[in-house]
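Student: Residue numbers (full-length UniProt numbering): 1 to 323.
Where a beta carbon is used, it is the ideal one built from N, C-alpha and C, also for glycine.
#1: Work out the CA separation of residue 136 and residue 129 for me, nearest whole Å.
#2: Which residue spans inside the segment 68 to 101 form an unbroken alpha helix (DSSP H) run of at least 4?
#3: Candidates 51, 91, 55, 85: which alpha carbon is nearest residue 70's?
#4: Quick one: is residue 168 near chain D, going by C-beta distance under 8 Å?
#5: Could you tell me the distance, in whole angstroms, from the CA atom of residue 31 to the CA atom of residue 201?
#6: Between residue 155 and residue 131, what straight-line distance do the alpha-carbon atoms span, to the nearest angstrom?
#7: In whole angstroms, what separates the C-alpha of residue 174 from that of residue 189?
#8: Quick one: give me the first and last residue of the alpha helix (DSSP H) that residue 43 is part of.
#9: Which whole-angstrom value is the C-beta distance of residue 64 and residue 161, which I expect to be below 8 Å?
#10: Please classify residue 194 as buried or exposed, where buried requires at least 16 other C-beta atoms within 10 Å of its C-beta.
#11: I'd like the list of long-range same chain contacts for residue 197, defined as Cβ closer than 8 Å, with 5 residues on each side in sequence excluded.
#12: In three-state DSSP terms, what is residue 25?
#13: Going by DSSP in three states, residue 30 sits in which element: helix, strand or coil?
#14: Could you give the first and the last residue of the continuous alpha helix (DSSP H) run that contains residue 158?
#15: Select from 149, 88, 98 the residue whose C-alpha is nearest the C-alpha of residue 126.
#16: Please confirm if the segment 110 to 126 is in contact with the segment 70 to 84, defined as three or more CB-CB distances below 8 Å between the two stretches.
#17: By how many angstroms is the C-alpha of residue 14 removed from the C-alpha of residue 42?
#18: In angstroms with no decimal places, state the Cα-to-Cα distance between residue 147 and residue 123.
#19: Given a threshold of 16 other Cβ atoms within 10 Å of its Cβ, counted over all protein chains shown, does residue 72 qualify as buried or as exposed?
#20: Rounded to a whole number of angstroms, what is the C-alpha to C-alpha distance between residue 95 and residue 25?
#21: If you count every other CB in all the chains shown that lies within 10 Å of the CB of residue 166, and 16 or more means buried, which is it?
#22: According to DSSP, is residue 106 helix, strand or coil?
#23: Straight-line CA distance for residue 44 to residue 23?
#24: Return the CA-CA distance between residue 101 and residue 17, expressed in angstroms with no decimal places.
#25: State the start and end residues of the unbroken alpha helix (DSSP H) segment that holds residue 324.
#26: What is the residue span of the alpha helix (DSSP H) that residue 59 lies within?
#27: Who are the near neighbours of residue 150 in its chain, counting only those whose CB is closer than 6 Å to its CB and skipping five residues on each side?
#28: Starting from the C-beta of residue 21, find all residues in its chain whose C-beta is less than 6 Å away, skip the five residues before and the five after it, and write them out in chain order.
#29: Reducing DSSP to helix, strand and coil, say where residue 17 ends up.
#30: Have a look at residue 178 and residue 187 and give me their C-alpha separation to the nearest angstrom.
#31: Since I believe residue 185 is in contact with residue 60 (beta carbons under 8 Å), could you give me their beta-carbon distance rounded to a whole number of angstroms?
#32: Is the beta carbon of residue 324 less than 8 Å from the beta carbon of residue 103?
#33: Going by Cα to Cα distance, which pick from 107, 199, 164 is closest to residue 140?
Given below as structure tokens:
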């Protein structure tokens, strides 16, 4: 966070703590081979009491990531009974992933039967209706991978579902659902946001007494031109480093100086993020241009599919959910 990390060079870091953070990350993500190699190099104790559980969790994660949802569901029900009954969102995500696999095989009758028997019951809850319509709407297209719902086929979606399943299994087995490293990153992000908010409050309260960078450099140039004693030289060095040109009379002067330095580092990070966002926006514009289709025709086709399901299941997916 700080603009000059050298001030932390003399702060000791416990290697055992670092090793535990790494071990937690490897166990959480089922990197068994890397975990064993790391333990062999460091001499740390093995953190997993039951290796079979880690291997089973690894297997479930990878079959879900590969899109083999039916096998992921079977293994999950075998390893963590009741998990999918308790977590309907995760259960729906896995079933929709299985439906996508059937759609990819171009088996229309099988896809309709699966939607009717497995997905249609979720239409009773409003939170699933939009996702259900997206899934069923794929049946309209000869090449569903090129439809507006193409994101349902993405690796990112499979990654998200596999990660969610892994976290749910960890929680079900009374283990942390997030690794120590993830928690540290989350905490650092929250602290950065908090400091940014506090800095804005401090700057508002100080008002015109808060020196700008231009004022600071002008004052430094004046000291250099006029010459001065050691105190002036110290002030000039502080000014050139971006510190305050004058000492405000407010009691929070030390906080302002620290926040000024922190915000210099934050500004650089924000600039980098802005560049990344700009690149993403350009990519999205290109994707949207390629995906333009006749939406009215799509709505008609999707409604036709939903009417077929309604006749088969006796349930109108477009009607509001029953209370």
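Tutor: Based on what the coordinates show:
#1: Walking along the chain shown from the start, residue 129 turns up at place 129. Walking along the chain shown from the start, residue 136 turns up at place 136. If you draw a straight line from the Cα of residue 129 to the Cα of residue 136, it comes to about 11 Å.
#2: Counting only runs of 4 or more, we get 69 to 79, 83 to 86.
#3: What you label residue 70 is simply residue 70 of the chain shown in a count that begins at 1. Comparing C-alpha distances from residue 70 to each of 51, 91, 55, 85 shows the shortest one belongs to 91.
#4: Checking the listed chains, one finds no chain D in this structure; it contains a single protein chain.
#5: Looking up residue 31 in the chain shown gives position 31. Looking up residue 201 in the chain shown gives position 201. Each residue's alpha carbon lies about 45 Å from the other.
#6: Locating residue 155 in the chain shown gives position 155, where the first residue counts as 1. Locating residue 131 in the chain shown gives position 131, where the first residue counts as 1. One alpha carbon belongs to residue 155, the other to residue 131, and they sit about 18 Å apart.
#7: Within the chain shown, residue 174 is the residue found at index 174, counting from 1. Within the chain shown, residue 189 is the residue found at index 189, counting from 1. So the two alpha carbons sit approximately 26 Å from each other.
#8: Locating residue 43 in the chain shown gives position 43, where the first residue counts as 1. The continuous stretches of alpha helix (DSSP H) do not include residue 43, and DSSP gives it neither H nor E.
#9: Mapped onto the chain shown, residue 64 falls at position 64. Mapped onto the chain shown, residue 161 falls at position 161. Under the criterion of beta carbons closer than 8 Å, residue 64 and residue 161 qualify as touching, at roughly 6 Å.
#10: Taking the chain shown and counting its residues from 1, the one referred to as residue 194 is at position 194. Exposed, by the Cβ-count rule.
#11: Counted from its first residue, the chain shown places residue 197 at position 197. Taking residue 197 as the centre and dropping the five residues before and after it, the same chain places no C-beta closer than 8 Å to its C-beta.
#12: Walking along the chain shown from the start, residue 25 turns up at place 25. Residue 25: helix per DSSP, three-state reduction.
#13: Translated into positions along the chain shown, residue 30 becomes position 30. Three-state DSSP puts residue 30 in coil, outside helix and strand.
#14: Indexing the chain shown from 1 puts residue 158 at position 158. Looking at the DSSP string, the run of the alpha helix (DSSP H) that includes residue 158 is 155 to 172.
#15: Start at 1 with the first residue of the chain shown, and residue 126 comes out as number 126. By alpha-carbon distance to residue 126, the top candidate from 149, 88, 98 is 88.
#16: They do not touch, by the three-pair rule.
#17: Within the chain shown, residue 42 is the residue found at index 42, counting from 1. Within the chain shown, residue 14 is the residue found at index 14, counting from 1. About 14 Å.
#18: Within the chain shown, the letter at position 147 stands for residue 147. Within the chain shown, the letter at position 123 stands for residue 123. Whole-angstrom Cα-Cα distance: 22 Å.
#19: Indexing the chain shown from 1 puts residue 72 at position 72. Looking at its Cβ environment, which holds 16 or more other Cβ atoms inside 10 Å, residue 72 is buried.
#20: Your numbering for residue 95 matches position 95 in the chain shown. Your numbering for residue 25 matches position 25 in the chain shown. When rounded, the distance between both Cα atoms is 28 Å.
#21: Against the chain shown, residue 166 aligns to sequence position 166. With 16 or more other Cβ atoms within 10 Å, it is buried.
#22: Residue numbering aside, residue 106 sits at position 106 when the chain shown is read from its first letter. Secondary structure at residue 106: coil, using DSSP grouped into helix, strand and coil.
#23: Within the chain shown, the letter at position 44 stands for residue 44. Within the chain shown, the letter at position 23 stands for residue 23. Straight through space, the alpha carbons of residue 23 and residue 44 are spaced by roughly 9 Å.
#24: Working through the chain shown from its first residue, we reach residue 101 at position 101. Working through the chain shown from its first residue, we reach residue 17 at position 17. Rounded to whole angstroms, residue 101 to residue 17 spans 43 Å at the Cα level.
#25: The question about residue 324 has no answer, for the chain in this structure spans 1 to 323.
#26: The sequence position of residue 59 within the chain shown is 59, counting from 1. Per DSSP, the unbroken alpha helix (DSSP H) holding residue 59 starts and ends at 51 to 65.
#27: As a first step, residue 150 is located in the chain shown; it is residue number 150 there, counting from the start. Contacts found: none.
#28: Counted from its first residue, the chain shown places residue 21 at position 21. Cβ contact annotation for residue 21 (same chain, cutoff 6 Å, sequence separation greater than five): 180, 181, in chain order.
#29: Indexing the chain shown from 1 puts residue 17 at position 17. The three-state reading of DSSP puts residue 17 in helix, counting H, G and I together.
#30: Translated into the one-based positions of the chain shown, residue 178 becomes position 178. Translated into the one-based positions of the chain shown, residue 187 becomes position 187. So the two alpha carbons sit approximately 12 Å from each other.
#31: Position 60 of the chain shown, counted from the start, is the residue given in the question as residue 60. Position 185 of the chain shown, counted from the start, is the residue given in the question as residue 185. At roughly 25 Å, the Cβ-Cβ gap does not stay under 8 Å, so residue 60 and residue 185 are not in contact.
#32: There is no way to answer for residue 324, as the model of the chain reaches only from 1 to 323.
#33: Along the chain shown, read from residue 1 onward, the residue named residue 140 stands at position 140. Out of 107, 199, 164, 107 has the C-alpha closest to the C-alpha of residue 140.
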